[in-house]
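For the sequence shown, our numbering begins at -5 and goes up steadily by one.
All C-beta atoms in this analysis are idealised placements derived from N, C-alpha and C, irrespective of residue type, glycine included.
All remarks here apply to the structure that follows.
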Amino acid sequence: MQTANRSHRLFTMGKWAAGFIVASSLFSASYVTAADKPPKLVLQITVDALRGDMPERYSHLFGKGGFKYLMEQGVYYSNAHYQHANTETIVGHTSLATGTVPAAHGMVGNVWFDREKGRQAYNIEDANYHLLTAGADVDSDTELDPTQKAAGVDGRSPNAIMSSTFSDELAVHYHGQSKIFAVSVKDRGAVPLAGHTGKAFWFSKATGEFVTTSYYYDQYPKWVQEWNASKPALAWSGKAWELMFEPSAYLFGESDDKTYETNFPGYGRVFPHPFGSAADNKYFTTFLTVSPVGDELTLNFTKALIANEQLGQDDVPDYLAVSFSSTDYVGHLFGASSLESEDNMARLDRTLAALFRYIDDSIGLKNTLIVLSADHGQPEVPGYLHEHGIQHARHFDTEALDKTPALAAFKKKFGIGEELIETYSQPYLYLNNDLIRKKGLDQAEVEKALATELVKFDGVAAAVSSTALRTASLPDTLLMRYIQNNFYSERSGDIYVVFEPNIFINDFDGLSVASTHGSPWRYDTYVPVIFAGAGLKAKRISRPVTPYDVAPTLANFLGIKPPSGAVGNPLAEVVGK
Ligand SMILES: [Zn+2]
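So, in structure tokens, the structure goes:
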């Protein structure tokens, strides 16, 4: 099928090119616009949890050709913020892919309560499509990521994403002739960017391989089988994550041992962090992903993909999305201000440089339009802020929530207490709507009363009811707009709970981690947006932009229509005025 497509493509391009030559000889050369010569490859990089200040902050460790290539030779937007409240991974990745907010694309959180299924559901789970590798499903014994464990089935697809992606528009525009791929350690880092038309691969911690589902393929391409059979992850067996430089080179060189960092048994909270042996340590692959090695494996697989799928080798633009996940996992365990995060940035810089070098050699950076951004930022660990005199920062104590008399008050008022709440799936509280109906109570009244109680809790900044969102009866503040932008009625819960800045729940499925993003506050909404390659001239721009502008900018640059739900706008410094 692929071969037939390719020869057809060459034929049609040949005809089109011939027609164009005639046209341009008859008329003036001013017909030649940017869209006449599109880039051969669009490379969309997402760095999971790369807060907007992190590239500058850690730039003293950067070499040539990685972050510095982007920051010094690209169009660098230093003031980009998301405008949705739940700054989680699937939400940000889908917003980058679609150019819109969760209210339009439907991805309101990593996990939501599925009222039809009567259980929590994982964002991209899909029972109709199965993993192509037996035993590659999430291993609930060793999986540290609680959102992954919420999936009821091993299947994954983009079917729950309600708007088109840039990659979809590319496929439609070029009549299916663009090659479209996405790669990440996390399934939710790859699936949204591949869109409904491309192919997605992600890392299975259970097998140490890159996997996909029957949505994308009936069977693995031969090169994927070969890559997996060579077991690249095993090269790190018995090794450890060690510092790249002498401690004196780092801002946090003398601050490695901090009690507020996560001390995961066997991995520890100081360098070197041992991976253990692949044969004996059931957390071996997990440890790789909470170190820069996860990104290095992603790079290794991506290079094989570019070579074997021959990306960027003809005049129809191809699309490749790569999402690097290590920065997020390292941030959760050790915090954004830690020796681990600092070293991870130095190593990510080398990983980016290796990717750009590889693309320059095989396709040419001048033929490649690159954009780098992040799916969300990250907070500081409360313990770190305490060291600097910011005392109010803390982890929210969910136990304390249970001990309060609020539910008793409810029982008194409505005749129902604890059974009123179906579940709390951050950031939403889901009510037992059937019970409310059965009791003949007014849903709006119950929501309002509960929201009123919730804001009384110390550490809760706002509690917003769905009824208020549906009827648009909220004050026009930034926070309320962000919550509204996150509201997709079939999936959002009945009350949105917002914690005060620097106060968050740090429970990662029983494991207490150092920090958790997901708030509407500036440290979580702040991300870099940098375009480079394809002949762009260096520029640094501080005016406010949003990551929703990324997909419409890519579309406009290529002269194709924006994704269906896009609310962002093409960035003038990239596409021309
Ligand atoms: Zn993320």
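Pairwise C-alpha distance: residue j and residue i
i, j, result
"Q213", "R150", "15 Å"
"L55", "F525", "22 Å"
"G189", "A165", "10 Å"
"D148", "D120", "8 Å"
"G570", "W230", "46 Å"
"S331", "E439", "44 Å"
"H75", "I357", "32 Å"
"F281", "G247", "22 Å"
"L138", "T510", "13 Å"
"A43", "P32", "30 Å"
"V449", "L293", "45 Å"
"G391", "D452", "The sequence given here places Asp at residue 391; Gly does not occur at that position. Their backbone Cα atoms lie some 10 Å apart in a straight line."
"A184", "P469", "36 Å"
"T206", "K433", "46 Å"
"Q372", "S513", "9 Å"
"S486", "L35", "36 Å"
"K360", "E203", "32 Å"
"L425", "E416", "5 Å"
"T362", "H370", "25 Å"
"R344", "P286", "10 Å"
"E236", "T141", "29 Å"
"L429", "R109", "13 Å"
"V69", "S271", "43 Å"
"H64", "N73", "A small fix is needed here, since residue 64 is Leu in this sequence, not His. Taking the straight line joining both Cα atoms gives about 16 Å."
"A234", "L299", "27 Å"
"L530", "G232", "44 Å"
Closest residue to residue i among the options (Cα-Cα distance)
i, options, result
"E381", "S249, P259 and N361", "S249"
"G562", "V568, G570, F551 and P541", "P541"
"G377", "K252, S460, T519 and E203", "K252"
"T88", "M238, E441, S558 and E413", "S558"
"V576", "D355, A545 and Y476", "Absent from the model: residue 576. The displayed extent of the chain is -5 to 571, so no value can be given."
"Q385", "D337, I364, R431 and N496", "N496"
"Q420", "A402, N500, G59 and L126", "N500"
"L472", "T519, N427, F498 and L444", "T519"
"G192", "S172, T201 and E203", "S172"
"T92", "A154, K360, V454 and A298", "A154"
"R516", "V507, E494 and G527", "E494"
"L379", "A508, R109, S317 and Y244", "A508"
Cβ neighbour criterion (16 or more within 10 Å) applied to residue i
i, result
"S483", "exposed"
"A128", "exposed"
"A301", "exposed"
"E255", "buried"
"E82", "buried"
"Y210", "buried"
"P564", "buried"
"Q219", "exposed"
"T40", "buried"
"F239", "exposed"
"N550", "buried"
"D355", "exposed"
"G112", "exposed"
"K406", "exposed"
"A445", "buried"
"V264", "exposed"
"G59", "buried"
"F152", "Note that residue 152 corresponds to Pro in the displayed sequence, not to Phe. Flag for P152 reads buried."
"L20", "Annotation note: pLDDT 39 at L20 (below 50); position unreliable, coordinate value reported separately. The residue is exposed, with fewer than 16 neighbouring Cβ atoms inside 10 Å."
"E336", "buried"
Residue i Cβ short of 8 Å to ligand 1 heavy atom set
i, result
"R322", "According to the sequence provided, residue 322 is Asp. The question's Arg does not apply to it. The answer is yes for D322."
"T256", "no"
"E484", "no"
"D139", "no"
"E441", "no"
"A582", "There is simply no residue 582 to check, as the chain begins at -5 and stops at 571 in what is shown."
"H511", "yes"
"D369", "yes"
"E203", "no"
"G86", "yes"
"E50", "no"
"T83", "yes"
Heavy atom of ligand 3 within 8 Å of residue i beta-carbon
i, result
"T292", "Among the ligands in the structure shown, ligand 3 does not appear; only ligand 1 can be found there."
Cβ distance (whole Å) where residue i is taken to contact residue j below 8 Å
i, j, result
"V458", "I489", "7 Å"
"P96", "N480", "5 Å"
"T279", "K199", "4 Å"
"S157", "H78", "About 14 Å; that fails the 8 Å criterion."
"Y116", "V105", "6 Å"
"V491", "L423", "6 Å"
"P49", "P522", "6 Å"
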